[in-house]
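Residue numbers (my numbering), protein chains in the order written: chain A, 1 to 169; chain B, 170 to 512. Here is the structure we will look at, set down as structure tokens.
The following block contains the structure:
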């Protein structure tokens with residue numbers, strides 16, 4: 001059954017509200033709890049300073065609401081338990097945890113083959129920036145340039161391939 | 170040293186994911202992007218190789234075998250290393266498999282995509298380059314998850330970086346019989362390389378066949394992974410050669426006896442169990458490497474997957490009970506051994 005609030009994710013449980021009950025997914029459930037907490041604390045605002053309210057809210061959130069990735073609903077406790085991220089966005093949302101895992105796994109920065117496609121709006125790597133790791137990609141580019149009769153381009157690629165092969169030896 | 174006698178096959182695998190779609194273990198199946206993703210994968214595969222597409226439910230129904238043969242086709246694909254056992258548990262998984270069975274692209278296994286290329290013999294680089302052609306096109310058509318520094322983003326952080334695993338299947342009877350393999354497993358584990366049974370983690374080595382693969386290689390480049398694996402495979406081949414010579418020097422007549430008995434069993438048996446076949450064929454292969462038997466080792470390597478339990482039933486087109494399988498296996502092995510004799 002789909003979540004009655006977002007109508008996107010699968011509902012995981014029933015929540016009793018003032019108006020009745022609703023089937024909610026994990027993400028909407030967390031949002032609902034957050035909303036309830038805010039409502040309760042708003043009632044105290046007439047009696048305490050903004051600073052006190054803010055502290056109380058932070059403490060409440062820390063105690064009762066676990067952070068979940070807004071894109072997929074993955075929680076930190078589930079991530080720790082399963083040792084699996086929920087989506088690519090989790091790597092940004094749980095960046096501290098991702099960094100921790102990365103360090104545990106050696107922390108070596110990836111310098112392998114660069115596709116240049118992760119953001120299609122950014123310019124791709126130039127021939128001069130390509131390294132020995134890009135040789136298979138260069139061979140493919142060379143074949144395409146030859147097939148398309150782009151002789152000048154093919155010549156430039158060929159020169160770069162020879163240069164890289166020379167460097168590798 | 171003949172590396173091709175020792176290295177049975179080479180495999181390269183890439184793990185990839187796309188942005189804005191939950192990783193497979195969180196998929197509900199109602200994500201609009203899921204169908205779009207599957208269509209793109211199917212189109213890219215169709216443009217790159219001649220293959221068939223199967224969803225996990227197709228594989229489970231086993232329609233290609235016969236009625237009632239549930240899971241037979243799925244298990245046949247697993248025993249031939251065309252899909253992983255965990256794909257069978259995936260709700261929205263499937264695979265596109267090339268007709269020649271060298272390439273398979275699994276979708277929604279642990280990651281959105283698991284591309285792999287398996288080639289006979291020691292051909293890691295060739296497998297890598299073949300797979301690269303498909304991978305580059307998938308990168309052009311899909312929004313692949315990637316972060317500078319981390320590399321390709323994967324469900325399990327141990328696959329971060331190149332998202333690549335290189336593995337070779339090796340035939341290491343002498344190292345196994347000498348008892349040296351245990352020491353080597355420990356030694357290579359410290360270099361992030363694992364030696365394990367042919368069906369991966371937790372599986373037993375059948376017929377002295379071992380899978381050697383790179384482990385957590387976060388940050389390693391593709392070139393580093395392949396070079397590392399090549400140097401380890403060459404080292405293992407050299408050690409296996411030395412061990413083969415040592416065994417022959419120590420107990421020549423006993424070894425010859427075992428090899429010839431194994432050959433005799435395979436040649437004359439009318440009922441041949443799977444384990445019995447695996448151990449005897451291993452000794453026959455050893456006999457070929459010593460020059461005692463004049464048989465084509467490549468033909469022998471091709472024979473092994475044909476007589477695996479589920480493959481036998483699938484190829485026969487009907488469910489075979491264990492005894493029928495053993496009879497069928499004996500028949501296939503007999504004719505194959507006669508056909509692969511080198512005059």
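Think of the CB as a built atom: it goes at the ideal place given N, C-alpha and C, for glycine as much as any other residue.
| Asked | Found |
| --- | --- |
| Alpha-carbon to alpha-carbon, residue 335 of chain B and residue 395 of chain B | 7 angstroms |
| Cβ of residue 192 of chain B within 8 angstroms of any chain A Cβ | yes |
| Any chain B beta carbon closer than 8 angstroms to residue 86 of chain A | yes |
| Short CB-CB distance (under 8 angstroms) between residue 163 of chain A and chain B | no |
| Stretch pair the stretch 302-311 of chain B + the stretch 252-261 of chain B: three plus CB contacts closer than 8 angstroms | no |
| Proximity test, Cβ basis, 8 angstroms: residue 442 of chain B and chain C | Any reference to chain C falls outside this structure, whose protein chains are A and B. |
| Candidates B:387, B:464 and B:376, of which the one nearest residue 505 of chain B by Cα | B:464 |
| Distance, residue 201 of chain B Cα to residue 120 of chain A Cα | The pLDDT assigned to residue 120 of chain A is 48, lower than 50, so where the model puts this residue is not dependable; a value taken from the coordinates is nonetheless given after this. Approximately 22 angstroms between the Cα atoms of the pair. |
| CB-CB length for residue 441 of chain B against residue 453 of chain B, believed under 8 angstroms | Between residue 453 of chain B and residue 441 of chain B the Cβ distance is about 13 angstroms, and since that is not below 8 angstroms, they are no contact. |
| Residues of its chain near residue 66 of chain A, where Cβ-Cβ distance is below 6 angstroms and the 5 sequence neighbours each way are ignored | 75 |
| The stretch 220-231 of chain B in contact with the stretch 95-105 of chain A per 3-pair CB rule at 8 angstroms | no |
| Contacting residues, own chain, Cβ-Cβ under 7 angstroms from residue 138 of chain A (five flanking each side not counted) | 130, 157, 160 and 161 |
| Beta-carbon separation (whole angstroms), residue 24 of chain A vs residue 3 of chain A, contact threshold 8 angstroms | 5 angstroms |
| Contact with chain A by residue 392 of chain B, beta-carbon distance below 8 angstroms | yes |
| Interface flag, residue 314 of chain B vs chain A, CB-CB below 8 angstroms | yes |
| C-beta contact flag for residue 263 of chain B and residue 242 of chain B at 8 angstroms | no |
| Range of the contiguous alpha helix (DSSP H) that encloses residue 23 of chain A | Not the alpha helix (DSSP H): residue 23 of chain A falls in the beta strand (DSSP E), residues 20-24. |
| Close-in-space but distant-in-sequence residues of the same chain around residue 89 of chain A (CB under 8 angstroms, 5 per side omitted) | 69, 70, 71 and 72 |
| Under the three-state DSSP convention, the category residue 286 of chain B falls into | strand |
| Pair within 8 angstroms by beta-carbon distance, residue 185 of chain B and residue 286 of chain B | no |
| At least 3 beta-carbon pairs within less than 8 angstroms: the stretch 342-357 of chain B vs the stretch 403-420 of chain B | yes |
| Cβ separation of residue 498 of chain B and residue 446 of chain B, assumed to be a contact under 8 angstroms, to the nearest whole Å | 6 angstroms |
| Residue-level contact to chain A via CB, residue 254 of chain B, 8 angstroms cutoff | no |
| C-alpha gap between residue 145 of chain A and residue 153 of chain A, whole angstroms | 6 angstroms |
| Cβ pair count under 8 angstroms reaching 3, the stretch 321-336 of chain B against the stretch 372-392 of chain B | yes |
| Beta-bridge pairing of residue 265 of chain B - partner residues as DSSP gives them | B:222 and B:274 |
| Alpha carbon of residue 188 of chain B to alpha carbon of residue 206 of chain B, nearest angstrom | 10 angstroms |
| Per-residue contacts from residue 106 of chain A into chain B (C-beta, under 7 angstroms) | 387 and 388 |
| Start-to-end residues for the alpha helix (DSSP H) that takes in residue 216 of chain B | 201-217 |
| Cross-strand partners of residue 510 of chain B (DSSP beta bridge) | B:464 |
| Secondary structure of residue 414 of chain B, DSSP reduced to three states | helix |
| Burial state of residue 439 of chain B, where buried means 16 or more other Cβ atoms lie within 10 Å | exposed |
| According to DSSP, residues forming a beta bridge with residue 316 of chain B | B:320 |
| Alpha carbon of residue 325 of chain B to alpha carbon of residue 192 of chain B, nearest angstrom | 10 angstroms |
| Burial state of residue 469 of chain B (16 or more Cβ within 10 Å) | buried |
| Cα-Cα separation, residue 372 of chain B to residue 366 of chain B | The predicted position of residue 372 of chain B is uncertain, since its pLDDT is 48 and thus under 50; a value taken from the coordinates is nonetheless stated next. Rounded to whole angstroms, residue 372 of chain B to residue 366 of chain B spans 5 angstroms at the Cα level. |
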